Every structure is written in C-alpha cells, then in structure tokens.
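2 protein chains.
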Amino acid sequence: MQFDLKTTDDKSKARAGVITTDHGTIETPIFMPVGTVATVKGVHQTELKNEINPDIILGNTYHLYLRPTTTILEGAGGLHKFMNWDRNILTDSGGFQVYSLAANRKITEEGVKFKSHIDGSTHFFSPENVMEIQRSIGADIIMAFDECPAAMSSYNYTKNSMDMTHRWLKRCVNHLEKVPPKYGYNQSLFPIVQGGVFRDLRKQSAEFISSVEADGNAIGGLSVGEPAEKMYEMTDLVCDILPEDKPRYLMGVGTPINILENIALGVDMFDCVMPTRNARNGMLFTAHGTINIKNRKWADDFSPIDEMGITFVDTMYSKAYLRHLFASKEMLGKQIASIHNLGFYLWLVREARKHILAGDFSEWKAKMVKQMDKRL
Amino acid sequence: MQFDLKTTDDKSKARAGVITTDHGTIETPIFMPVGTVATVKGVHQTELKNEINPDIILGNTYHLYLRPTTTILEGAGGLHKFMNWDRNILTDSGGFQVYSLAANRKITEEGVKFKSHIDGSTHFFSPENVMEIQRSIGADIIMAFDECPAAMSSYNYTKNSMDMTHRWLKRCVNHLEKVPPKYGYNQSLFPIVQGGVFRDLRKQSAEFISSVEADGNAIGGLSVGEPAEKMYEMTDLVCDILPEDKPRYLMGVGTPINILENIALGVDMFDCVMPTRNARNGMLFTAHGTINIKNRKWADDFSPIDEMGITFVDTMYSKAYLRHLFASKEMLGKQIASIHNLGFYLWLVREARKHILAGDFSEWKAKMVKQMDKRL
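First to last, the sequence lines map onto chains A and B.
Count along the first sequence from 1, add 223, and you get the number used in our numbering.
Count along the second sequence from 1, add 223, and you get the number used in our numbering.
As structure tokens, then:
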C-alpha cells in the first residue's frame with residue numbers, strides 16, 4: 224500500500240491524498256459506506272459503484288465471521304468475489320461489535336469470549352485468530368484487534384485497556400507474519416489509537432502506534448457517546464502525533480458536520496452507519512440541512528428529493544412520493560433514502576477534497592457547517 | 224385504446240397482439256408486475272423499466288385510495304407522475320382487496336361499506352365512487368367495480384353476486400360518461416366476467432360482458448382457491464365467448480405454468496403478486512424449476528443465480544450470496560429475488576409471444592411446462 228499526500232490546507236490541517244492498493248486507488252479524504260454483512264443495506268452493488276461511487280467500502284469482521292462464516296468466504300475466494308465488489312474493502316477487527324452486540328463477553332489478556340447475538344453460541348476472538356479471520360475475508364485494509372472501552376470508562380480502566388490493546392497489537396503483527404494473505408494480493412494492517420478522552424493516554428497511545436510504522440493508522444474509541452468537542456480535541460491531539468505520510472482513519476464517525484470538522488484536523492478516512500441507518504428511519508442528509516421525510520409537511524411536496532441530483536433517486540422521486548413510501552412502510556423508501564444519503568456523504572468528502580486542492584477548504588467548510596446545521 | 228390481433232396459434236387458442244393506448248404500446252401476451260401502493264415492492268423504477276421492462280404495470284385502487292389518497296395523487300397529476308412511470312398502468316377496482324383485506328365489510332346493492340385494514344376507519348365503495356377514484360388515479364386501463372365471491376361460494380350466492388356485478392357494471396359505464404378523465408389522456412374500462420366455477424353462470428356472464436362492447440374484457444373470480452383444472456375449464460369456456468378482437472385479461476393469475484396454460488386458452492393479459500411475494504420469501508422461478516434459496520444446499524453454491532442472465536442480478540450475484548442475504552435477513556436479498564422473478568415472468572410471456580408468432584407455441588409450451596414443474 225502506498226499513500227501520496229498531495230496537499231495540506233494552509234488554514235487547517237486538512238489533507239488531500241491518494242492511497243494505492245492492489246484493488247486500485249482511494250482518493251482521500253474518503254467516506255467508506257458500511258457493508259456490514261457483505262451488503263450495504265438496501266443498495267445493489269451496481270448502484271453502489273455507479274451512483275454512490277466510493278473507492279472503498281467497509282465490512283464487519285464480527286458479522287462476517289458469524290455469517291456467512293469464513294468457510295463460505297474462502298470458498299468464494301474472499302469477500303470481494305463473494306459480494307462481487309472489485310474495489311477496495313476495509314474490515315474492522317470485530318472488537319467493537321463484540322463489545323456492543325455480543326452477550327456474556329469476558330475479556331482476558333488472551334482475548335474475548337462471547338456469545339453470538341444471533342444464536343447464543345460461544346466464540347472466542349484473540350489477536351491471532353482475528354488476523355486469521357481477516358485473512359480469510361481478504362480485505363485490502365485490516366484492523367488490529369483492540370478493546371474499545373465504553374465512553375464513561377474511568378482513567379484506570381482506560382489505561383489498562385489501552386496497554387492491553389498495545390500488547391495485542393504486537394501479537395497481531397507477529398501473527399500476520401506467520402499467516403500470509405490467501406488471495407494473491409496484499410493486506411495492510413492498521414493499528415488503532417485508544418486512550419478514551421484522556422489527553423495523556425491518547426498521547427501515549429498515538430506515540431506507541433506511530434512507533435509500529437504501519438501502512439496507516441486508525442483512531443478508535445471516539446464517537447461512543449462523548450461530546451463532539453471532546454472528540455475533536457482528541458482527534459486534534461492524535462493527528463499531531465501520527466506520522467504525516469500515512470493515512471489516518473477515524474473509526475465510526477459521524478454526522479456530515481463531524482466529518483468536515485475532523486477533516487480539518489487531519490483525518491483522511493471515515494466510516495459510519497449513520498447515512499444508511501438514519502436513511503432507514505426516514506432521515507435525509509442534504510447540503511442545506513436534514514429532512515425527516517416521515518413528517519406530514521412533505522405529504523404534498525412534489526419537488527424532487529434533492530435538487531442537487533447527486534444520485535438518480537434525488538430527481539427521479541419526489542419528497543411526497545418518498546414520504547408516501549415511508550408512511551406505507553414500503554422497502555423502496557429505505558432503498559431510496561439509503562442511496563440518497565450515501566450519495567450525499569460521498570459528494571461531501573469529494574467536495575472537501577476539491578476545496579483542499581483548490582486552497583479554499585476552510586471557507587467552504589465554515590459555510591457548509593452552517594448550512595447543514597438545520598432541520599428542513 | 225386499440226387492439227391489433229397479430230396472429231392466433233394453429234394448435235391452441237394462443238394469440239399475439241398489440242394494445243395501443245395514450246401511454247404507448249403493450250405487446251401481448253403480457254404479464255403486469257403488481258405495484259400495489261405506487262411501488263413494485265423492492266424495485267426501483269429504473270430497474271423496472273430497464274431490466275424487467277414491462278409495457279404495463281398494475282396498481283391497486285383500494286391501497287392507493289387509502290394511501291397516499293386521491294387528493295395527493297391529484298396533486299401529483301395522477302399516479303404516473305406520482306411514481307414517475309411513463310408507460311401504461313392498469314388499476315383494479317378495489318373490490319378484491321375490500322373482500323380479502325378490509326374488516327367488517329357489508330355488501331349491499333348500493334355498494335360496500337368497509338373498515339380500512341390500516342386504521343379501522345370506515346369507508347364506502349360504490350360503482351360510482353370507484354370510477355371517480357380511478358379517474359383521480361389516472362390509469363390507462365381501469366376496472367369495473369365487481370363482487371368477487373369466495374372460492375367455495377354456493378351456486379345461488381354466486382348467481383346473485385354475478386347479477387349484481389352486472390348491474391354494477393351498467394352503473395360504472397353510466398357514471399364514467401359523466402366524469403371525464405382528469406389528465407388529458409384516455410382511460411379504458413374493462414368489465415369483469417364472474418360466475419365462480421359454474422359453467423352456466425360463466426357463460427351467462429361472458430355473454431353479458433361481451434354485449435357491453437368494452438375496449439377489453441377481464442375474467443375475475445379465478446385463482447381464488449379452486450383447482451387449476453377448474454380454472455382452465457372456466458377460462459376456456461369464457462374465452463370462446465368473449466370477442467376475439469378485444470384483449471382478455473385473467474386477473475390475479477398465477478404460476479408460470481398457469482400463465483402458459485391460460486395463454487394457450489386465449490388469454491392476453493395477466494397480473495399476480497406471486498413473483499414478488501414469493502421472491503420476498505426466498506422462492507425463485509427459473510426456466511428449469513423453482514429454487515428455495517433459503518435451503519442450506521445453496522450455501523456454498525457459487526454459481527450465478529440464473530445462468531440465463533435475464534436481468535443483471537442473475538449473473539452479478541451467486542446463489543451462495545443470495546442465500547446468505549436471506550439467512551441474514553438483509554433487504555438486498557428480497558430486492559434481488561424480486562428483480563429476478565419479475566425478469567423471468569416477463570421473459571416467459573415475451574418468449575411465448577415469439578413462439579406464437581413463429582408458429583411453434585404449443586411444442587414450446589409443452590417443453591416449458593415440463594421443465595418448470597420441478598424443484599431444484
């Protein structure tokens with residue numbers, strides 16, 4: 224994997240770059256649509272590629288491990304072939320879902336024992352087997368196995384957890400050397416900075432993670448319930464420590480405004496379920512604010528969903544029609560809203576990139592943040 | 224509306240024709256995908272047009288009247304504009320849903336009082352207001368308001384019901400003359416032959432319906448639980464009476480085999496929820512039989528969904544992938560199966576038409592019926 228930093232903004236720490244992997248290039252900043260269990264919910268691969276057009280999507284190791292299972296994924300020749308997606312994929316380590324979804328989890332130095340949220344069956348994740356699982360899935364970028372402590376964890380809990388995450392990272396790196404990629408292309412391991420909302424822990428973690436000299440680095444444990452200002456403070460601090468010549472990935476973030484603010488702090492990569500999950504609940508993101516399409520006020524608004532027309536759904540369907548589909552609990556409503564929101568998120572990061580390259584990112588960002596901070 | 228009968232098969236009563244309306248031509252025999260409430264469930268209008276490619280779809284008056292309501296549809300300029308579908312639409316009369324879905328229905332000579340299956344609110348359908356509702360919806364082909372008796376209704380109930388349906392038809396015809404179309408294009412009323420499974424009633428009804436000299440004629444009250452042989456017997460009898468120079472529409476039928484058998488008896492138009500409803504339950508129709516994609520046997524079958532590749536989903540996704548989506552209860556599974564099944568149904572009627580025109584329909588039909596009558 225290669226990362227070319229094209230430019231850094233004068234008035235902020237925003238960067239524009241290009242990541243190159245065996246599955247092609249990724250222009251940064253980038254937003255990665257979440258394809259939890261080998262599907263971006265409600266979106267055909269054709270629509271994902273031709274309409275939303277991301278250079279990379281994300282899959283969830285925890286979900287893919289449980290279903291379809293690594294046996295099936297290996298039979299298919301990896302996740303790319305299984306789901307018919309020939310661009311880049313990143314998989315998380317499964318850690319976050321183990322802590323948020325699985326039942327009866329027990330964390331020890333060795334790893335995490337947990338019960339499946341689907342059938343209650345018992346499983347065990349360790350740094351070693353999570354690396355093996357990610358080899359079987361075959362994503363281009365794979366994540367180190369970490370512990371992601373809850374938002375309100377104490378200093379001591381967070382510190383001990385961070386130290387263990389660092390020890391686990393070494394085990395991940397060591398084990399990957401023993402288990403080569405399965406499908407003839409490279410996989411890059413990204414380690415994860417932890418440390419909660421504590422400045423000294425974040426600093427320690429960022430320094431340790433930097434010392435590993437990985438192809439790219441991630442910031443985890445944010446956007447888990449802390450105030451946005453605290454998230455920005457931590458991102459700011461960590462980005463100043465992480466190497467400049469490697470991409471930085473802020474995990475699980477966030478609203479369109481969160482994304483622009485974090486781009487300004489030096490983050491290159493994002494993922495979040497928000498555009499698709501909120502879409503399924505009838506919430507649309509637009510350049511001029513958010514729309515709750517279930518609201519009665521849209522019932523006779525026959526204007527296009529979004530005049531901007533980023534994806535085909537925006538001008539093909541009216542607000543009244545989409546509102547009717549949600550009122551009638553029709554699948555097509557969720558499908559339309561998902562494509563719209565993902566199209567908008569990708570438009571947003573692409574526009575950010577254009578403005579970084581053009582040198583007017585900060586002015587544009589200030590205008591957009593103001594403009595998007597409304598309910599229509 | 225115009226109907227040009229192109230050819231009739233030598234060895235059966237199968238016909239190939241062309242219907243021309245203000246929204247374009249419809250090549251018959253045709254299958255009409257069901258777009259219940261202004262959406263063919265799980266299918267984008269782009270996919271419907273470009274992949275499945277029917278000349279006409281069906282909407283349900285009962286559902287559209289309750290949601291989005293005729294007020295909204297009029298505001299949009301009719302159903303075509305509301306859902307952005309510029310080809311033909313047919314609406315049923317709402318009768319069938321009132322009998323099958325609504326609660327506390329009370330049928331009198333005047334009409335039917337019923338409670339909405341959504342919120343229990345009370346409504347009244349009469350031949351007159353159903354014509355007005357269908358004017359507001361604005362389909363190209365609209366259906367007379369009829370009573371569709373249950374499958375096991377007695378001779379006397381069926382006879383009385385049929386006589387009332389005939390009286391209602393006159394009221395429909397009279398009222399339509401007073402209420403002109405709303406959107407600048409014509410709407411053709413199709414009356415409906417009833418009479419249950421009783422030969423003399425079906426004959427009487429077909430004769431009465433023929434005497435109205437409508438643009439086209441429908442056969443209702445079949446495929447409601449009677450044996451397939453009984454349905455074929457009734458269709459056969461009725462098609463011999465209905466005028467040859469008008470299209471014949473068999474309502475709510477059926478399996479791919481039912482469709483081929485009824486084409487052989489002289490039916491030109493079909494609609495059924497089966498391809499989409501069964502799709503959502505994981506049942507796929509193919510030229511070589513049906514597939515229950517939820518079955519474990521498909522879990523590691525990485526071959527395309529359907530080698531025939533009628534629509535893009537058939538070769539883009541594998542059986543194993545589709546099976547995984549159903550196992551994981553992912554929306555995309557229903558979307559894929561719906562496009563596949565509708566694509567197959569449309570392929571089937573188009574192939575039937577080709578073979579009628581080529582003069583080898585009967586041989587082809589015999590081969591297909593045998594071939595499709597399997598579980599894969």
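Just so you know, even glycine gets a beta-carbon here, dropped at the ideal spot from N, CA and C.
Keep in mind the model is a prediction, meaning the values are calculated, not measured.
Quiz item: What residues from the stretch 232–264 of chain A come within 9 angstroms of chain B, judged by C-beta to C-beta, listed N to C?
Solution: Against chain B - using a Cβ distance shorter than 9 angstroms - the residues of the stretch 232–264 of chain A are 259, 260, 261, 262, 263, 264.
Quiz prompt | Assigned secondary structure, residue 535/B (DSSP; H/G/I helix, E/B strand, else coil) | solution = When DSSP states are grouped into helix, strand and coil, residue 535/B belongs to the helix group.
Exercise. Could you check which residue in 282/A, 419/A, 451/A, 557/A has the C-alpha nearest to that of residue 374/A?
Key: The shortest CA-to-CA distance from residue 374/A to any of 282/A, 419/A, 451/A, 557/A is the one to 419/A.
Quiz item: Residues of chain A with CB under 8 angstroms from residue 532/B, in chain order?
Solution: Within chain A, no residue comes near residue 532/B; the closest Cβ sits about 14 angstroms away, beyond 8 angstroms.
Exercise. Step through the CB atoms of chain B and report whether any lies within less than 8 angstroms of the CB of residue 339/A.
Key: Chain B has no Cβ within less than 8 angstroms of the Cβ of residue 339/A.
Quiz item: Are the Cβ atoms of residue 366/B and residue 415/B separated by less than 8 angstroms?
Solution: With respect to the 8 angstroms criterion, residue 366/B and residue 415/B are classified as neighbours on the basis of their beta carbons.
Practice problem: Identify the continuous beta strand (DSSP E) that holds residue 494/B and give its terminal residues. | Solution: Looking at the DSSP string, the run of the beta strand (DSSP E) that includes residue 494/B is 492–494.
Quiz item: Helix, strand or coil: which one does DSSP assign to residue 497/B?
Solution: Residue 497/B: helix per DSSP, three-state reduction.
Exercise. Find the residues of chain A that neighbour residue 520/B, judging by a C-beta separation of less than 8 angstroms, and give them in chain order.
Key: Those within 8 angstroms of residue 520/B in chain A number zero; the least Cβ separation is about 13 angstroms.
Practice problem: Please state whether DSSP places residue 269/A in a helix, a strand or coil. | Solution: Note: residue 269/A maps to helix in three-state DSSP.
Quiz item: Nearest CA to the CA of residue 597/B: which residue from 565/B, 478/B, 532/B, 575/B?
Solution: Nearest C-alpha to residue 597/B: 478/B.
Quiz item: Exposed or buried, what is residue 316/A when buried is set at 16 or more other beta-carbons lying within 10 Å of its beta-carbon?
Solution: Residue 316/A comes out buried.
Quiz item: If we cut at 8 angstroms on Cβ distances, does residue 221/B have a partner in chain A?
Solution: Residue 221/B lies beyond the residue range present for chain B, which begins at 224 and ends at 599; the question has no answer from this structure.
Quiz prompt | residue 583/A versus residue 252/A - alpha carbon distance | solution = Each residue's alpha carbon lies about 15 angstroms from the other.
Quiz item: Thinking just about the alpha-carbon of each residue, which of 277/B, 452/B, 248/B is nearest to the one in residue 571/B?
Solution: Between residue 571/B and the set 277/B, 452/B, 248/B, the nearest pair of CA atoms involves 277/B.
Quiz item: Any chance the stretch 575–589 of chain A sits against the stretch 541–553 of chain B, with 3 or more Cβ pairs inside 8 angstroms?
Solution: With the cut-off at 8 angstroms, the stretch 575–589 of chain A and the stretch 541–553 of chain B do not touch.
Quiz item: Looking at the C-beta of residue 291/A, does it have a partner C-beta in chain B at a distance below 8 angstroms?
Solution: So, interface residue.
Quiz item: So what's residue 262/B in DSSP terms, helix, strand or just coil?
Solution: In the three-state scheme derived from DSSP, where H, G and I count as helix and E and B as strand, residue 262/B is classed as coil.
Quiz item: So is residue 401/A buried or exposed if we call it buried at 16+ other beta carbons inside 10 Å?
Solution: Residue 401/A comes out exposed.
Quiz item: Any C-beta of chain A sitting closer than 8 angstroms to the C-beta of residue 539/B?
Solution: For residue 539/B, the answer is yes, since a Cβ of chain A falls inside 8 angstroms of its Cβ.
Quiz item: Cα separation between residue 360/A and residue 239/A?
Solution: Using only the alpha carbons, I get a separation of about 29 angstroms.
Self-check item: Where the beta strand (DSSP E) through residue 411/A begins and ends
Solution: For residue 411/A, the enclosing beta strand (DSSP E) has its first and last residue at 411–413.
Practice problem: Would you check if the distance between the CB atom of residue 405/B and the CB atom of residue 464/B is smaller than 8 angstroms? | Solution: At a Cβ-Cβ threshold of 8 angstroms, residue 405/B and residue 464/B do not count as neighbours.
Quiz item: Which residues does DSSP pair with residue 240/A in a beta bridge?
Solution: DSSP links residue 240/A through a beta bridge to 228/A, 251/A.
Quiz item: Can you name, in chain order, every residue of its own chain whose Cβ lies under 8 angstroms from the Cβ of residue 469/B, other than the five neighbours on each side?
Solution: Excluding positions up to five away in sequence, the list reads 226, 437, 438, 439, 440.
Exercise. Using a Cβ-Cβ cut-off of less than 9 angstroms, list which residues of the stretch 490–511 of chain B approach chain E; keep chain order.
Key: Note that chain E does not occur in the displayed structure, where the protein chains are A and B.
Quiz prompt | 9 angstroms Cβ cut-off: residues of chain B touching residue 346/A | solution = Close to residue 346/A, with beta-carbon spacing below 9 angstroms, lies no residue of chain B; the smallest spacing is near 17 angstroms.
Practice problem: Look up residue 441/A in the DSSP assignment and give the residues it is bridged to. | Solution: For residue 441/A, which the question treats as bridged, DSSP gives the partners 415/A, 472/A.
Exercise. Could you name the residues of chain B that residue 557/A contacts, counting a contact when the two beta carbons are closer than 9 angstroms?
Key: By Cβ distance, chain B contributes 554.
Practice problem: Could you have a look at residue 256/A and say whether DSSP puts it in helix, strand or coil? | Solution: Collapsing the DSSP output to three states places residue 256/A in coil.
Practice problem: Mark residue 350/A as exposed unless 16 or more other C-beta atoms lie within 10 angstroms of its C-beta, in which case mark it buried. | Solution: With 16 or more Cβ atoms within 10 Å of its Cβ, residue 350/A is classed as buried.
Quiz prompt | Cβ-based burial, residue 588/A [other Cβ within 10 Å; buried from 16] | solution = Residue 588/A is buried by the Cβ-count criterion.
Self-check item: Backbone secondary structure at residue 546/B - three-state DSSP
Solution: Residue state, collapsed to three classes: helix.
Quiz item: Do residue 568/B and residue 254/B have their CB atoms nearer than 8 angstroms?
Solution: Their beta carbons are under 8 angstroms apart, which means residue 568/B touches residue 254/B by this criterion.
Self-check item: Among 552/A, 412/A, 516/A, 509/A, nearest to residue 532/A - alpha-carbon criterion
Solution: Taking only the C-alpha atoms, the option nearest residue 532/A is 509/A.
Exercise. Could you pull out every residue in the same chain whose Cβ sits closer than 6 angstroms to the Cβ of residue 499/B, ignoring the five residues on either side in sequence?
Key: Correct list, in chain order: 264, 561.
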